[in-house]
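Down below is the structure, laid out as structure tokens.
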Amino acid sequence: MYVRPTARRAGIAHRLVDAVLDHACQYVELIELAVVSENEAALRLYAGLGFVEYGREKNGLKDSGRYYDCVLMSKPLMRSRSSIRPAGPADAAWIAGFLRDRWNATTIVVHGEVIEAASLPALVAEDRRGLATYRRLDRNAELVTLDADPTGVGTGAALIEALVARLRSDGCERLWLTTTNDKLSALRFYLRRDFRLIQVRLGAVDDARRLKPSIPTVGEYGIPIRDELDLCRVLDTRSRELFLPSWPLPASMWDSRVLKPPRLGDQDR
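Here the numbering used here is used: the first residue of the sequence shown is 56, the next is one more, and so on.
And the structure:
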């Protein structure tokens, strides 16, 4: 991997490796790499992305007559939906503990509702490395929580695709989810997987905090957490209409339950 000197310190290397991992988890189970032992920036980058050193190669690289030692690193990936299973009664205690670790509670406050996530249908990743909780909403479904530990090995992607396959087989037409304005990594993750941003509810997290005061005020990258974002993935290939979700909507923005752009006033032209 190479990034031009003039383009460094802009997060490009991180995004490149992230894209490789995202693609590779569909096909392979392990990624290995070698990095010059003196390249401390690269070592920090790969370690931060979950790569672990498993050995060193003495004089592994020769450049301009000089030898360099190489650090050998690897990262396991999760690639198969067959590693995903429905949660059962034996998972109940683990699910409750996992949700508390990740969300500080088993209840999720979102779009004005208090949802007991521990009581919802769920999918569990192999070795309990991840969890997806969801619920049906008539012909639609809502992904309530999605978590993986460790992250970055394809567990989240495997859970999403397993859930999509399950919902499609049950005749579900759309999969909804809600995230917050600070979750830039989550937004990128979902948009890559055929979800589309449908609406932004300004100040919705400020309202949710009244019901659940433990919701943080500052999130990823130091961004204040204030707004909710609704995303949708259409599962029924016969229809590409993006209906609005079943939870309450700001009536001033929409003409019906089918998504329509707001009419532009003269001041917006």
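Note that CB positions come from ideal geometry on N, CA and C, so glycine has one too.
Everything numeric in this text was worked out from a predicted model, so none of it was measured.
Local Cβ density within 10 Å of residue i, reported as buried at 16 or more and exposed below that
{"i": "A306", "result": "Since pLDDT at A306 reaches only 40, below the 50 mark, its modelled position is unreliable, and the value read off the structure follows with that caveat. Counting Cβ neighbours within 10 Å, A306 comes out exposed, since fewer than 16 surround it."}
{"i": "P141", "result": "exposed"}
{"i": "T161", "result": "buried"}
{"i": "R184", "result": "buried"}
{"i": "E87", "result": "exposed"}
{"i": "K130", "result": "buried"}
{"i": "I280", "result": "buried"}
{"i": "A74", "result": "exposed"}
{"i": "N236", "result": "buried"}
{"i": "L239", "result": "exposed"}
{"i": "I67", "result": "exposed"}
Span of the alpha helix (DSSP H) around residue i
{"i": "V260", "result": "A259 to L266"}
{"i": "E171", "result": "E171 -> not in any alpha helix (DSSP H); beta strand (DSSP E) instead, spanning E168 to E171."}
{"i": "I37", "result": "With the chain represented from 56 up to 324, any question about residue 37 goes unanswered, as that position is not in the structure."}
{"i": "A212", "result": "T210 to S224"}
{"i": "A241", "result": "L239 to L246"}
{"i": "E95", "result": "E95 to G103"}
Per DSSP, the bridge partner or partners of residue i
{"i": "W231", "result": "E197 and C287"}
{"i": "T272", "result": "DSSP output for T272 lists no bridge partner at all."}
{"i": "Y189", "result": "L198"}
{"i": "E87", "result": "S129"}
Heavy atom of the ligand FAD within 6 Å of residue i beta-carbon
{"i": "A96", "result": "The ligand FAD is not part of the structure shown, which contains no ligands of any sort."}
Host beta strand (DSSP E) of residue i (start-end)
{"i": "V255", "result": "R251 to R256"}
{"i": "G115", "result": "V107 to D118"}
{"i": "Y123", "result": "R121 to P131"}
{"i": "I67", "result": "That residue, I67, is in no beta strand (DSSP E); its alpha helix (DSSP H) goes I67 to A79."}
Integer-rounded CB distance, given that residue j should sit under 8 Å from residue i
{"i": "L252", "j": "L222", "result": "With a Cβ gap of about 20 Å, L252 and L222 do not count as contacting."}
{"i": "F244", "j": "D202", "result": "With 8 Å as the limit, F244 and D202 do not qualify as a contact, their Cβ atoms being about 12 Å apart."}
{"i": "L175", "j": "V219", "result": "17 Å between Cβ atoms; not a contact."}
{"i": "L246", "j": "T234", "result": "At roughly 11 Å, the Cβ-Cβ gap does not stay under 8 Å, so L246 and T234 are not in contact."}
Query raised in the report: Given 8 Å as the limit, is there contact between the stretch 217-228 and the stretch 260-274, that is, 3 or more CB pairs closer than that?
Result: Judged by pairs of C-beta atoms under 8 Å, the stretch 217-228 does not touch the stretch 260-274, as fewer than three such pairs exist.
Query raised in the report: Is the stretch 264-273 touching the stretch 205-217, taking contact as three or more C-beta pairs under 8 Å?
Result: Judged by Cβ distances under 8 Å, the stretch 264-273 makes no contact with the stretch 205-217, as fewer than three pairs qualify.
Query raised in the report: Quick one: any contact between the stretch 120-130 and the stretch 84-101, if contact means 3 or more CB pairs under 8 Å?
Result: Verdict: yes, contact present.
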